[in-house]
Amino acid sequence: MLLILVIIKAKKFSGEFDPDYIMEGKVAERLFNTYGANLKFLVIFRHPVDRAYSHYLMTKRKGLEDLSFEDALKKEVGRKSNFKEQKVFAYKTRSLYAEHLRNYFKFFPRENFLFLVFEEDIKKQLPETIRRIEDFLQIEHQELPTDVHSNQAFEAKNEMVRDLVRRPNFVKQIFKTLIPGKSTRKKLRDFFIKQNAKTVKSPKLDLEIRHKLFTEYFSNDILATEDLIQKKLNY
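Using the numbering used here, the first residue of the sequence shown is number -9, and each one after it goes up by one.
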């Protein structure tokens, strides 16, 4: 689930999205205290297993994940010892939509939310969805490009370079001493990651495993989510 925040001030709009808005339990309250109830939200749902698997593959390509997808789901709770690990390994937690929505509904009315389904509204009927978003935000129609493609997947050419950049190690500690500026270190880190990247085709998840994981971990939450938003997700 992706939540896009739209701030309306004096008929001017600004927007932003951050996956951590959903994870961090106090964000909804902070947004309410900062902006009041006059915020609008675009909420984009994706099949929970597909979202979790995509998250898992990204983490694995970064060299941060050694478990199989099924084992990672089973052992998720015990791995999240701090907020950083919650963000990295929360494959299942980020796909449990009902709990996150309830937290936002404590502070904002349901009419401030537009609920969209990635597989239908974004992939199959984007022009119509853009119209719906414009109507929801009460803004004039604009001709926007609709030939949008998914981001390409990348993996490391050299795993040793990847681990030196991504994982805690003595080389990174030396760099922190030699280059104290955080923004400069980030630019160097991004440069090495880009130079070490190659495009790959993401492996498909077996359909039987997909169905089994949905039934085991997500089916009840999807029913609760559908009840909350009064909309069928057809997962």
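Note that beta-carbon positions come from the ideal geometry of N, C-alpha and C, so glycine has one too.
As the structure is a computational prediction, the values presented were derived from the model and not from experiment.
**Message:** Just to confirm the assignment: which complete alpha helix (DSSP H) runs, minimum length 4, are found wholly within the stretch 30 to 73?
**Reply:** The stretch 30 to 73 contains these whole alpha helix (DSSP H) runs: 38 to 51, 59 to 64 and 66 to 69.
**Residue nearest to G15 in terms of C-alpha spacing, selected from L106, P38 and K77** = On the sequence shown, position 25 is the one that residue 15 refers to. It is K77 whose Cα lies nearest to the Cα of G15.
**Prompt:** How would you write the range of the beta strand (DSSP E) that L104 sits in, first residue to last?
**Reply:** As a first step, residue 104 is located in the sequence shown; it is residue number 114 there, counting from the start. Element bounds for L104: F103 to V107.
**Neighbourhood of E66 by C-beta, 8 angstroms cutoff - its chain only, sequence neighbours within 5 removed** = On the sequence shown, position 76 is the one that residue 66 refers to. Around E66, the same chain offers F79, A80, Y81, K82 and T83 as residues with beta carbons nearer than 8 angstroms, after the five sequence neighbours per side are excluded.
**Request:** Give me the Cβ distance between G5 and I12, rounded to the nearest whole Å; I'm assuming they're in contact under 8 angstroms.
**Result:** In the sequence shown, counting from the first residue as 1, residue 5 sits at position 15. In the sequence shown, counting from the first residue as 1, residue 12 sits at position 22. The pair is not a contact, with the Cβ atoms about 16 angstroms apart (cut-off 8 angstroms).
**Prompt:** Since H131 and M(-9) are thought to touch, with beta carbons under 8 angstroms apart, how far apart are those beta carbons, to the nearest angstrom?
**Reply:** Counted from its first residue, the sequence shown places residue 131 at position 141. Counted from its first residue, the sequence shown places residue -9 at position 1. Not confirmed; about 27 angstroms, so no contact.
**Asked** So, R36 versus F105, is the Cβ gap smaller than 7 angstroms?
**Response** If you number the sequence shown from 1, residue 36 lands on position 46. If you number the sequence shown from 1, residue 105 lands on position 115. Pairing R36 with F105 gives a Cβ-Cβ distance that is not under 7 angstroms.
**Buried or exposed by the 16-neighbour rule on C-beta atoms within 10 Å, applied to I212** = In the sequence shown, the residue the question calls residue 212 occupies position 222. I212 comes out buried.
**Request:** Using alpha carbons as the reference points, say which of I199, E216, N210 and T215 lies closest to D40.
**Result:** Taking the first residue of the sequence shown as position 1, residue 40 is located at position 50. Ranking I199, E216, N210 and T215 by CA distance to the CA of D40 puts I199 first.
**Asked** How big is the Cα-Cα spacing for L127 and S85?
**Response** Taking the sequence shown and counting its residues from 1, the one referred to as residue 127 is at position 137. Taking the sequence shown and counting its residues from 1, the one referred to as residue 85 is at position 95. Going by the C-alpha atoms only, they are around 26 angstroms apart.
**Rounded straight-line distance, which links the Cα of E101 to that of T24** = As a working note, residue 24 is residue 34 in the sequence shown. As a working note, residue 101 is residue 111 in the sequence shown. In a straight line, the C-alpha of T24 is about 20 angstroms away from that of E101.
**Request:** Measure how close the beta-carbons of I(-3) and L32 come, nearest whole angstrom, since I'm counting them as under 8 angstroms.
**Result:** Numbered from 1 along the sequence shown, position 7 holds the residue referred to as residue -3. Numbered from 1 along the sequence shown, position 42 holds the residue referred to as residue 32. Separation of the CB atoms of I(-3) and L32 is rounded to 12 angstroms, and the pair is thereby denied contact status at 8 angstroms.
**Request:** Under 6 angstroms Cβ to Cβ from P38, same chain only, skipping five residues before and after it: list those, please.
**Result:** Along the sequence shown, read from residue 1 onward, the residue named residue 38 stands at position 48. Excluding sequence neighbours, P38 sits near S85 and F208.
**Asked** Run through DSSP, which three-state label would F7 get?
**Response** Numbered from its first residue, the sequence shown carries residue 7 at position 17. If DSSP states are grouped into helix, strand and coil, F7 belongs with the strands.
**Message:** Using DSSP's beta-bridge definition, name the partner residues of L(-5).
**Reply:** Here the question's residue -5 lines up with position 5 in the sequence shown. As DSSP reads the structure, L(-5) sits in a beta bridge with E6 and F31.
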